[in-house]
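Peer 1:
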Amino acid sequence: MAGYLLRRIVQAVLILLGVSFITFVLLYVLPADPVRQIAGRSATQQTVENIRAQLGLDQPMLVQYGRYLAGLVQGDMGRSYLQKTEVSSLISARLPASLLLMAGGILCELAIGLTLGVIAAIWRGRPLDQGLMVTSFVAVSAPQFVVGLLLLYVFAVQLGWFPIGGYGTAAHLVLPAVTLGIMGSGWYSRMMRSSMIEVLRQDYIRTARAKGLTRGRILFRHALPNAILPIIAMIGIDIGIFMGGMVVVESVFGWPGIGQLAWQAIQRVDIPIIMGVTMVSATAIVLGNLLADIVTPLIDPRIKMR
Amino acid sequence: MKKLLLSSALMGVMALPAMAQDYAPDPDATPGGTITVTYKDDVATLDPAIGYDWQNWSMIKSLFDGLMDYVPGTTELRPGLAESYEVSEDGTVFTFTLRSGVTFHNGREMTAEDVKYSLDRVTDPATQSPGAGFFASIAGFDAVTAGEAEGLSGVEVVDPLTLRITLSRPDATFLHVMALNFASVVPREAVEEFGADFGKNPVGTGAFSLGEWTIGQRLTFQRNEDYWRDGVPYLDGVTFEVGQEPIVALLRLQQGEVDVPGDGIPPAKFQEVMADPDQAARVVEGGQLHTGYITLNVAQAPFDQLPVREAVNMAINKERIVQIINGRAVPANQPLPPSMPGYTEGFEGFAYDPEAAKAKLAEAGMEDGFTTQLYVMNTDPNPRIAQAIQQDLKGIGVDVEIRSLAQANVIEAGGAGEAPMIWSGGMAWIADFPDPSNFYGPILGCAGTGDGGWNWSKFCNEEIDAMATEADSMMDPSDPARLEMWSQVYQNVMAEAPWVPVFNEQRYTMKSARMGGDDALYVDPVSIPVNYDYVYVTE
Numbered sequence: 237m238a239g240y241l242l243r244r245i246v247q248a249v250l251i252l253l254g255v256s257f258i259t260f261v262l263l264y265v266l267p268a269d270p271v272r273q274i275a276g277r278s279a280t281q282q283t284v285e286n287i288r289a290q291l292g293l294d295q296p297m298l299v300q301y302g303r304y305l306a307g308l309v310q311g312d313m314g315r316s317y318l319q320k321t322e323v324s325s326l327i328s329a330r331l332p333a334s335l336l337l338m339a340g341g342i343l344c345e346l347a348i349g350l351t352l353g354v355i356a357a358i359w360r361g362r363p364l365d366q367g368l369m370v371t372s373f374v375a376v377s378a379p380q381f382v383v384g385l386l387l388l389y390v391f392a393v394q395l396g397w398f399p400i401g402g403y404g405t406a407a408h409l410v411l412p413a414v415t416l417g418i419m420g421s422g423w424y425s426r427m428m429r430s431s432m433i434e435v436l437r438q439d440y441i442r443t444a445r446a447k448g449l450t451r452g453r454i455l456f457r458h459a460l461p462n463a464i465l466p467i468i469a470m471i472g473i474d475i476g477i478f479m480g481g482m483v484v485v486e487s488v489f490g491w492p493g494i495g496q497l498a499w500q501a502i503q504r505v506d507i508p509i510i511m512g513v514t515m516v517s518a519t520a521i522v523l524g525n526l527l528a529d530i531v532t533p534l535i536d537p538r539i540k541m542r
Numbered sequence: 062m063k064k065l066l067l068s069s070a071l072m073g074v075m076a077l078p079a080m081a082q083d084y085a086p087d088p089d090a091t092p093g094g095t096i097t098v099t100y101k102d103d104v105a106t107l108d109p110a111i112g113y114d115w116q117n118w119s120m121i122k123s124l125f126d127g128l129m130d131y132v133p134g135t136t137e138l139r140p141g142l143a144e145s146y147e148v149s150e151d152g153t154v155f156t157f158t159l160r161s162g163v164t165f166h167n168g169r170e171m172t173a174e175d176v177k178y179s180l181d182r183v184t185d186p187a188t189q190s191p192g193a194g195f196f197a198s199i200a201g202f203d204a205v206t207a208g209e210a211e212g213l214s215g216v217e218v219v220d221p222l223t224l225r226i227t228l229s230r231p232d233a234t235f236l237h238v239m240a241l242n243f244a245s246v247v248p249r250e251a252v253e254e255f256g257a258d259f260g261k262n263p264v265g266t267g268a269f270s271l272g273e274w275t276i277g278q279r280l281t282f283q284r285n286e287d288y289w290r291d292g293v294p295y296l297d298g299v300t301f302e303v304g305q306e307p308i309v310a311l312l313r314l315q316q317g318e319v320d321v322p323g324d325g326i327p328p329a330k331f332q333e334v335m336a337d338p339d340q341a342a343r344v345v346e347g348g349q350l351h352t353g354y355i356t357l358n359v360a361q362a363p364f365d366q367l368p369v370r371e372a373v374n375m376a377i378n379k380e381r382i383v384q385i386i387n388g389r390a391v392p393a394n395q396p397l398p399p400s401m402p403g404y405t406e407g408f409e410g411f412a413y414d415p416e417a418a419k420a421k422l423a424e425a426g427m428e429d430g431f432t433t434q435l436y437v438m439n440t441d442p443n444p445r446i447a448q449a450i451q452q453d454l455k456g457i458g459v460d461v462e463i464r465s466l467a468q469a470n471v472i473e474a475g476g477a478g479e480a481p482m483i484w485s486g487g488m489a490w491i492a493d494f495p496d497p498s499n500f501y502g503p504i505l506g507c508a509g510t511g512d513g514g515w516n517w518s519k520f521c522n523e524e525i526d527a528m529a530t531e532a533d534s535m536m537d538p539s540d541p542a543r544l545e546m547w548s549q550v551y552q553n554v555m556a557e558a559p560w561v562p563v564f565n566e567q568r569y570t571m572k573s574a575r576m577g578g579d580d581a582l583y584v585d586p587v588s589i590p591v592n593y594d595y596v597y598v599t600e
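Note that the protein sequences, when read in sequence, are chains L and B.
Residue numbering for the first sequence follows my numbering, starting at 237 and increasing by one per position.
Residue numbering for the second sequence follows my numbering, starting at 62 and increasing by one per position.
What follows is the structure in structure tokens.
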């Protein structure tokens, strides 16, 4: 167990190192000069060169990368080029909102997806099942920007049930979490359906039925715990997918997360922020996967840690 | 000694509020109340030496003051922290007399030392101010930029309320420069306390002070009870909510939750809003010191030939492009916008005439047309405008390939001189101060043609440059002879046709029903979207 964990952690660190290097190189070769963004349009050549030297951007790329990495291991993500604020404080101010939204999104997609998946599996092949699967297909394909605005318009503007965007209370969380969760719920309902159908064909289910157990007991005590296993592994992967969706959802609902921060930084080539958000997101994804790998064997003894 | 006394002696004796000299306060104004303003993007910084986007520009204006200021809602200069000033005969020495009893938000009294410190700070290379270049005419600027001197030798403290600034050359725009946010007065102790985080902890002398700031969510301004201009601000506070999509901000305005959507009316909703008389009545329209243009790179074939540049100028249907943006602009025929002093009334420029354009191409031996590229920023409506330009040029046989890129990439391609044509939308020149010189130097003058410069046409005409320098050496910025000279500069530029001036954007500020104050305050040329110090609420 300890050996397995250590190996996985070393792997995670290597992945993060790779991510940091690739992102750094991409930002370096980008045909846009961050110094020009800082210096402004009335800057003299001298001013531009001064700033370039102060930020160390006149150094070779590997030296710059080395410096960045050296700072990073000491927990220093640098200062934003344009805001001058420390990247770590910008990210930590916004990270809780992102995590909350992500948790809400995962909860929503699981609640919606698993319920629909189970229902579809029980009535498989019937019109209800077919209807649900078409709906899930629509949910997967619907652009989140449109879904978000639609929910906002109907439930916040027209019905007034929820606030029109913003952050603070549980009521603020509902619409963005549902928007974020809808796409995933489509995947989960399909996954859950096939997984459930698979389990319901197993011998132990037939045995349970032969023993005369009630239908509810078979479903919830015997089938569901087994059917849900593959789903858990997926949640880890989901975190990565959510990172993309959050940029859109945060923007529609005015949710103060790191997605918005990244988007604004990309517009202005604010490299320290882009690097910082990328590293934090990559860490979240790697941790998510790691967690899924650790939790799955604990739930299912058949899977061994190696 | 030519003396320009801005505050009249009589007013001084009677100790009337300073604003009474230049701005008649609204008799209906009622003090109190808080308004909510929304923005999509975060407020990057409130450090007046750093902030340089249209969002924080007006916010910084309300937190800080400089020696000079503008009459609210206009482009007229008025004294700010300076009570009066004198200019030497040759226009190179300015002696400012400061107001006494002005205090910073931290309670300390502001003196000439603070003004000197602030000017030294903004020009110090370590500050990395995007506005440092504006102060280039102050004696000692070059030494500071090169790192050879600590502070500006041209800025001297005579006594606690007198400051003398010596210029290395006469500069007609100097008083405008002193009204820029970059010239705001900051207290040394606060800057030193917060260091690089001063931008998140601003301390100034302005009408408002910063209350709380929750990064990524909101920040609040609260009324400065000790503000040196009597009677203002009217509002108790302003709340800025960030991260709000313009479309969501509009919905919230319609629900009465927002007073001013800072990003304006979203283009997709513009016609709907204007078609509703109730909403349209709350939209204030005004001019803006903005010109949208196409740059033609004169350093590249075939735009090195004047007839080709003229042909492109004649081929663009500007009326149609204005329609694409729902009529939120007026067609342009010269670099300066109509509300800028020095604008040439009655100038015709190049009329839309595809046949004449073809003839011009034939004159250059290009009757079969040619292929070129148009760089454009990739946010709506710019790609659609680029397509209209593409179609227009197709009409005279020119094949245009559109390169739709992120803002920073277009700026890079323009600065490096790679782009044959650039549509300026999204990056267009909006004047820093209301003076005709501001549309020349960096974008049409020889100084901007270097690698990375903003003169994307790479147009450099020594004769026109000399004329511009001469105009800027005149002492009074609003001297009719000077404005006449600037008008001539831009007519000469258009004779060389390095640009296709396409349109001047209009500004549309929408407000809630309870907002009061002159319409001019809602389209203030220097405070976008609103001059927070002078607006008020009616309930």
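Built from N, CA and C at the ideal position, the CB exists for glycine as well.
Please classify L/LEU242: is it buried, with 16 or more other beta-carbons within 10 angstroms of its beta-carbon, or exposed?
Peer 2: Taking the first sequence and counting its residues from 1, one reaches residue 242 of chain L at position 6. Looking at its Cβ environment, which holds fewer than 16 other Cβ atoms inside 10 Å, L/LEU242 is exposed.
Peer 1: So, with DSSP's three-state summary, where would you put L/VAL484?
Peer 2: Along the first sequence, read from residue 1 onward, the residue named residue 484 of chain L stands at position 248. Looking at L/VAL484 - three-state DSSP - the assignment turns out to be helix.
Peer 1: By DSSP's criteria, B/ILE226 is part of a beta bridge. Which residues make up the other side?
Peer 2: Locating residue 226 of chain B in the second sequence gives position 165, counting from the first residue. Partner(s): B/PHE155 and B/VAL216.
Peer 1: Given a cut-off of 9 angstroms, decide if B/VAL373 and B/THR95 are closer than it, judged by their beta-carbon atoms.
Peer 2: Here residue 95 of chain B refers to the residue found at position 34 of the second sequence. Here residue 373 of chain B refers to the residue found at position 312 of the second sequence. Contact flag unset, no.
Peer 1: Under the three-state reduction of DSSP, which class applies to B/TRP490: helix, strand or coil?
Peer 2: Residue 490 of chain B sits at position 429 when you count from the first residue of the second sequence. It is a strand residue.
Peer 1: For B/PHE431 versus B/ALA558, is the C-beta distance shorter than 9 angstroms?
Peer 2: Walking along the second sequence from the start, residue 431 of chain B turns up at place 370. Walking along the second sequence from the start, residue 558 of chain B turns up at place 497. The answer is no: Cβ separation not under 9 angstroms.
Peer 1: Between which residues of its own chain and B/GLY476 is the CB-CB distance below 8 angstroms, once the five residues before and five after are set aside?
Peer 2: Locating residue 476 of chain B in the second sequence gives position 415, counting from the first residue. Excluding positions up to five away in sequence, the list reads ASP512, GLY513, GLY514, TRP515 and TRP517.
Peer 1: Take B/ASN378 as the anchor and find which of B/PRO415, B/GLN349, B/ASP365 and B/VAL359 has the nearest alpha-carbon.
Peer 2: For this step, residue 378 of chain B is matched to residue 317 along the second sequence. The residue with the shortest Cα to Cα distance from B/ASN378 is B/PRO415.
Peer 1: One question on the structure: do B/VAL269 and B/ASP594 come within less than 9 angstroms of each other, judged by their Cβ atoms?
Peer 2: Mapped onto the second sequence, residue 269 of chain B falls at position 208. Mapped onto the second sequence, residue 594 of chain B falls at position 533. With the sequence shown as reference, residue 269 of chain B is identified as Phe, and Val is not the correct amino acid for it. Closer than 9 angstroms, so yes.
Peer 1: At a CB-CB cut-off below 7 angstroms, which residues of chain B make contact with L/TYR403?
Peer 2: Here residue 403 of chain L corresponds to residue number 167 of the first sequence, with the count starting at 1. Chain B residues near L/TYR403: GLN278.
Peer 1: At a CB distance below 8 angstroms, what residues from the stretch 470-488 of chain B approach chain L? Give them in sequence order.
Peer 2: Listed in sequence order: ASN470, ILE472, GLU473, ALA474 and GLY476.
Peer 1: Which residue comes first and which comes last in the beta strand (DSSP E) that contains B/GLU462?
Peer 2: In the second sequence, the residue the question calls residue 462 of chain B occupies position 401. Note, B/GLU462: beta strand (DSSP E), 460-466.
Peer 1: Taking DSSP as the reference, what is the three-state secondary structure of B/MET75?
Peer 2: Working through the second sequence from its first residue, we reach residue 75 of chain B at position 14. Low per-residue confidence applies at B/MET75: pLDDT is 31, beneath 50, and the placement is therefore not dependable, though the value from the model is reported in the following sentence. B/MET75 falls in the helix class under three-state DSSP.
Peer 1: Give me the subset of the stretch 509-520 of chain B whose CB atoms are less than 7 angstroms from a CB atom of chain L, sorted by chain position.
Peer 2: Listed by position, the residues of the stretch 509-520 of chain B near chain L (Cβ gap below 7 angstroms) are GLY511, GLY513 and TRP515.
Peer 1: Which ranges does the alpha helix (DSSP H) cover as unbroken runs of at least 4 residues, wholly within the stretch 382-446 of chain B, from first to last along the chain?
Peer 2: Runs found: 415-424.
Peer 1: In the stretch 112-131 of chain B, which residues sit with their C-beta less than 7 angstroms from some C-beta in chain L, listed in chain order?
Peer 2: Flagged, chain order: TYR113.
Peer 1: Going by DSSP in three states, L/ILE494 sits in which element: helix, strand or coil?
Peer 2: By 1-based counting over the first sequence, the position of residue 494 of chain L is 258. The answer is helix: DSSP assigns L/ILE494 an H, G or I state.
Peer 1: Counting C-beta neighbours from all protein chains within 10 Å, is the total for B/LYS261 16 or more, i.e. buried, or is it exposed?
Peer 2: For the purposes of this step, residue 261 of chain B is taken as the residue at position 200 of the second sequence. Flag for B/LYS261 reads buried.
Peer 1: Under the three-state reduction of DSSP, which class applies to B/GLN567: helix, strand or coil?
Peer 2: To locate residue 567 of chain B, count along the second sequence from 1; it is residue 506. In the structure shown, B/GLN567 sits in coil (DSSP, three-state: anything other than H, G, I, E or B).
Peer 1: Please name the residue in B/THR356, B/GLY127 and B/SER149 whose C-alpha comes closest to that of B/GLY141.
Peer 2: Here residue 141 of chain B refers to the residue found at position 80 when the second sequence is read from its first residue. Considering only alpha carbons, the answer is B/GLY127.
Peer 1: For B/ILE226 versus B/GLY212, is the C-beta distance shorter than 9 angstroms?
Peer 2: Translated into positions along the second sequence, residue 226 of chain B becomes position 165. Translated into positions along the second sequence, residue 212 of chain B becomes position 151. No; because the gap between Cβ atoms is not below 9 angstroms, this pair is not in contact.
Peer 1: Taking only the alpha-carbon atoms, compute the straight-line gap between B/ALA574 and B/PHE196 and give it to the nearest angstrom.
Peer 2: Working through the second sequence from its first residue, we reach residue 574 of chain B at position 513. Working through the second sequence from its first residue, we reach residue 196 of chain B at position 135. Computed Cα separation, rounded: 42 angstroms.
Peer 1: Please go through the stretch 106-158 of chain B and give each complete beta strand (DSSP E) segment of 3 or more residues, from N-terminal end onward.
Peer 2: Qualifying beta strand (DSSP E) stretches, in chain order: 129-131, 138-140 and 143-148.
Peer 1: Could you compute how far the alpha carbon of B/ASP28 sits from the alpha carbon of B/LEU228?
Peer 2: It is not possible to answer for residue 28 of chain B, since the shown part of chain B is limited to 62 through 600.
Peer 1: I want to see whether chain B comes within less than 9 angstroms of L/GLN310, judged by CB atoms only; does it?
Peer 2: Taking the first residue of the first sequence as 1, we reach residue 310 of chain L at position 74. Closer than 9 angstroms: no.
Peer 1: List the DSSP bridge partners of B/TRP274.
Peer 2: As a working note, residue 274 of chain B is residue 213 in the second sequence. B/LEU280, per the DSSP bridge assignment.
Peer 1: Consider the Cβ of L/PHE489: report whether some Cβ of chain B lies at a distance smaller than 9 angstroms.
Peer 2: Indexing the first sequence from 1 puts residue 489 of chain L at position 253. Chain B contact via Cβ: present.
Peer 1: Under the three-state reduction of DSSP, which class applies to B/LEU67: helix, strand or coil?
Peer 2: Numbered from its first residue, the second sequence carries residue 67 of chain B at position 6. Residue placement at B/LEU67 is flagged as unreliable, the pLDDT there being 37, under the threshold of 50; the coordinate-derived value follows with that caveat. Looking at B/LEU67 - three-state DSSP - the assignment turns out to be coil, as it is neither helix nor strand.
Peer 1: In chain L, which residues lie less than 7 angstroms from B/LYS261 when you measure between Cβ atoms?
Peer 2: The sequence position of residue 261 of chain B within the second sequence is 200, counting from 1. Correct list: THR321.
Peer 1: Skipping 5 residues on each side, what residues in its chain have a beta carbon closer than 7 angstroms to that of B/ARG160?
Peer 2: To locate residue 160 of chain B, count along the second sequence from 1; it is residue 99. Answer for B/ARG160: LEU142, GLU144 and TRP289, listed in chain order.
Peer 1: What did DSSP end up calling B/ILE589 once you bin it into helix, strand or coil?
Peer 2: Residue mapping note: residue 589 of chain B aligns to position 528 of the second sequence, counting from 1. DSSP places B/ILE589 in coil when its eight states are reduced to three.
Peer 1: Closest to B/SER539 by CA distance: which of B/MET129, B/THR136 and B/ASP102 is it?
Peer 2: In the second sequence, counting from the first residue as 1, residue 539 of chain B sits at position 478. The shortest Cα separation from B/SER539 among B/MET129, B/THR136 and B/ASP102 belongs to B/THR136.
Peer 1: Mind checking L/ALA357: buried by the 16 CB within 10 Å criterion, or exposed?
Peer 2: Looking up residue 357 of chain L in the first sequence gives position 121. Looking at its Cβ environment, which holds 16 or more other Cβ atoms inside 10 Å, L/ALA357 is buried.
Peer 1: Go ahead and pull the three-state DSSP assignment for B/MET482.
Peer 2: The count along the second sequence starts at 1 and reaches residue 482 of chain B at position 421. In the structure shown, B/MET482 sits in a strand (DSSP, three-state: E or B).
Peer 1: Tell me which residue opens and which closes the beta strand (DSSP E) that B/TYR354 is part of.
Peer 2: As a first step, residue 354 of chain B is located in the second sequence; it is residue number 293 there, counting from the start. It spans 351-357 - the beta strand (DSSP E) in which B/TYR354 sits, taken as one unbroken run.
Peer 1: For a contact defined as C-beta to C-beta under 8 angstroms, what are the partners of L/ARG330 on chain B?
Peer 2: For the purposes of this step, residue 330 of chain L is taken as residue 94 along the first sequence, with counting starting at 1. The contacting residues are ILE276 and GLY277.
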